[in-house]
Amino acid sequence: MEERKGFKSTFGFLMAAVGSAVGLGNIWGFPNKMGANGGFAFLLIYLVLAVLCGYIVMVGELAIGRKTGKGAIATYQIMSRKFKWLGWMATASPFLILSFYCVLGGYCIKYMVLNVGNLFNAAFGTNGLSGAEVFGNFMGNPTEGVIFAVIFVLLTILIVMGGVSGGIEKFCSVGMPALAVMLVIIIIRSCTLPGAVEGLKFMFVPNFEPLKENFLGVLATAGGQMFFSLSLGMGVMITYGSYLDKKKSITQNALVIVIFDTLVALMAGLAVLPAAFALDPDGSKGGPKLLYITLQNVFDSMGTIGAVFGIIFYFLVTLAAITSSISLLEVIVTHFVDKAAEKGKTGDKRKVYSVLAGLAASVLMVLVAVDCLGSTGIHPAVLLGIENPKTWAADWLDFFDMLSEGIMMPLGAMLMCIMIGWEIGPEVVRDEVERSGFKMKIYTFFKICVRFITPVLMVLVLYGQIKEFFL
Ligand code: TRP
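So that you can map any letter, position 157 of the sequence shown is 280 in our numbering, and since no number is skipped, the others follow by simple counting.
Written out as structure tokens, the structure reads:
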């Protein structure tokens with residue numbers, strides 16, 4: 124059997140894992156959800172959940188992945204009798220996420236091109252139209268949406284074809300640090316806009332009112348966002364863990380991933396929310412508006428230099444999105460590559476599987492792209508015969524998001540905690556962590572969380588989500 128090739132360095136692993144975590148969830152999702160859910164109150168709940176759930180599930184996923192050295196499906200089959208099937212859910216969900224992720228990633232490429240157009244006063248720029256008009260026109264043009272989504276998915280496939288160390292590790296090791304630098308530049312611009320202070324106050328001045336009004340709602344949104352942002356509950360960290368060197372510390376790496384991801388989310392908040400407050404009193408309400416309309420207005424208001432900022436910014440968002448989408452595709456590809464190796468097939472099958480899995484994911488992607496955020500009117504609610512649909516049923520993007528981020532991820536993460544806490548026992552994770560020669564200092568904390576605190580919080584998050592969606 125050929126040797127399974129993993130990451131070359133800890134830095135490379137970290138950049139790939141951070142790259143998976145940092146993506147549209149941070150830059151698009153976090154500011155939106157924070158905006159729509161009470162600012163500071165949301166931030167507080169988010170941070171608590173990141174420590175008590177995110178970190179714990181991250182350690183668990185990395186540990187079981189590294190222990191088996193296999194993809195998500197095989198890992199669950201080896202680890203558990205009762206939860207064998209969980210790996211299938213963890214591999215099915217990346218298809219759903221990819222479907223809308225690639226479409227939104229495509230929008231970022233479109234906006235990058237748009238700003239290039241502005242720089243050269245070309246016809247493919249904004250042509251003096253407002254952010255809302257530009258976005259509205261774009262949403263009325265499904266063909267364009269499909270073209271940009273296809274470009275995005277092709278880039279994803281190409282990088283995954285390059286393999287874990289050659290493709291993913293290389294790409295992320297350059298992309299992630301570049302992203303951090305570019306974000307700082309945009310933050311400085313955004314926070315020095317007149318009126319930006321209101322946005323900063325909204326983010327950081329303690330205000331607990333939103334919690335009194337709708338605690339469960341804020342908890343559910345923060346919980347879903349946290350899982351999505353950290354790439355948990357979908358087999359990504361199991362897969363990346365399976366490529367992690369046995370000598371490396373799982374607990375430390377998990378901590379670094381959680382901290383970086385949270386920092387980037389906060390930085391994105393700082394880049395987007397103050398600008399939204401400065402330019403558009405309604406800007407804090409969230410939705411796709413913030414990333415594609417509000418920020419474009421910021422860039423337009425800055426003249427020629429704005430076009431340069433715009434190009435840099437949308438380029439970095441595209442980059443962040445690609446380092447995430449490759450991790451989603453890799454979950455599927457790893458499974459098939461391992462399967463082929465087990466069956467003793469020789470030769471490199473990775474390229475073939477990358478293309479096949481990418482094409483399969485593209486089917487749903489085209490549906491989302493053609494839908495243009497619900498503009499076509501042929502949405503799930505129509506097919507299901509629901510009148511007055513809630514948002515999840517009014518467009519395909521929200522529908523797939525509801526299924527994956529809303530239900531499958533918290534459910535998958537909760538069941539994994541129950542498996543670790545009650546079936547195989549938390550000592551399995553401890554043994555794997557300590558194999559690298561590190562003492563697992565947080566073992567007691569991990570054990571209490573994985574058995575009691577995390578699953579209970581997950582039930583609350585899940586209940587809150589279901590209530591938001593259906594009741
Ligand atoms: N974490 C990414 C983001 O914030 C999205 C993502 C990548 C993801 N891989 C994932 C979400 C796996 C859930 C599961 O944009």
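Virtual Cβ for every residue (Gly too), placed ideally from N, Cα, C.
- Relative to the Cα of Thr457, the nearest Cα in the group Thr249, Ile168, Phe350, Gly188 belongs to Gly188.
- Shown here for Ala394: same chain residues with a beta carbon closer than 7 angstroms to its own, the five before and five after excluded, namely Leu306, Ile309, Ile310, Ser313 in chain order.
- Inter-residue distance for Met390 and Lys474 is about 36 angstroms (C-alpha atoms, whole angstroms).
- Counting along the chain, Asp384 sits inside the alpha helix (DSSP H) bounded by residues 373-402.
- Every alpha helix (DSSP H) of 4 residues or more that sits fully in the stretch 160-202 is shown, in chain order, as 163-172, 178-191, 195-202.
- In the structure shown, Tyr363 adopts helical secondary structure according to DSSP, grouped into three states.
- In this structure, Arg127 sits away from Lys369, with a CB-CB distance that is not shorter than 8 angstroms.
- Taking the C-beta atoms as reference points, Ser203 is found nearer than 8 angstroms to Ile547.
- Counting only unbroken stretches of 4 or more residues, the alpha helix (DSSP H) elements lying wholly within the stretch 459-546 are 473-494, 503-507, 514-517, 519-524, 532-541, in sequence order.
- Nearest neighbour of Ile150 by Cα position, chosen from Met532, Tyr437, Pro333, turns out to be Tyr437.
- Distances from the alpha-carbon of Met299 to those of Thr214, Thr191, Phe136, Ala255 put Phe136 closest.
- Secondary structure at Leu242: helix, using DSSP grouped into helix, strand and coil.
- Distances from the alpha-carbon of Cys225 to those of Leu538, Leu594, Leu482 put Leu482 closest.
- Setting aside the 5 residues that flank it on each side, Phe568 has no residue in the same chain whose C-beta is closer than 6 angstroms to its C-beta.
- Taking a cut-off of 8 angstroms on C-beta distances, the stretch 318-331 does not touch the stretch 500-519, as fewer than three cross pairs fall below it.
- The shortest CA-to-CA distance from Ala303 to any of Leu334, Leu413, Val440, Asn250 is the one to Val440.
- Contact annotation: the stretch 197-213 does not touch the stretch 244-257, with fewer than three C-beta pairs closer than 8 angstroms.
- The beta carbon of Met299 sits no closer than 7 angstroms to any heavy atom of the ligand TRP.
- Listed in chain order, the non-local C-beta contacts of Leu452 below 8 angstroms within the same chain comprise Pro217, Leu221, Thr279, Ile280, Val283, Ser477, Ala480, Gly481, Ala484, local neighbours out to five positions each way being set aside.
- In the same chain as Met138, and ignoring 5 residues on each side of it, the C-beta atoms closer than 6 angstroms to its own belong to Cys295, Ser296, Met299, in chain order.
- Short of 6 angstroms from the beta carbon of Glu528, and not among the five residues preceding or following it, lie these beta carbons of its own chain, in chain order: Gly347, Phe351.
- Segment contact: the stretch 156-175 against the stretch 354-364, fewer than three CB-CB distances shorter than 8 angstroms; contact not assigned.
- Spatial neighbours of Ser447 in its own chain (CB-CB distance under 6 angstroms, excluding positions within 5 residues in sequence) are listed in chain order as Ser143, Gly146.
- In the three-state reduction of the DSSP assignment, Asp554 falls in the helix class, which pools H, G and I.
- Between Trp519 and Asp554, the alpha-carbon positions lie close to 43 angstroms from each other.
- In this structure, Ser365 has its beta carbon at no less than 7 angstroms from each heavy atom of the ligand TRP.
- Under the DSSP assignment, Leu334 falls in the alpha helix (DSSP H) whose first and last residues are 332-352.
- In the structure shown, the three-state DSSP call for Phe561 is coil.
- Distance from the Cα of Ala536 is smallest, within the candidate group Phe163, Ile589, Gly177, Ala516, for Gly177.
- Non-local beta-carbon contacts of Gly192 in its own chain, meaning distances under 8 angstroms to residues more than five positions away in sequence, involve Arg127, Ser365 in chain order.
- By the Cβ-count criterion, Pro578 is buried, with 16 or more other Cβ atoms from all chains shown falling within 10 Å of its own Cβ.
- The three-state secondary structure of Asp423, taken from DSSP, is helix.
- The nearest non-hydrogen atom of the ligand TRP is 7 angstroms or more from the C-beta of Gly346.
- Uninterrupted alpha helix (DSSP H) stretches at least 4 residues long and entirely within the stretch 262-336 occur at 265-284, 293-314, 319-327, given in chain order.
- DSSP, reduced to helix, strand and coil, places Val226 within a helical segment of the structure shown.
- Residue range 577-593 is occupied by the alpha helix (DSSP H) that includes Gly587.
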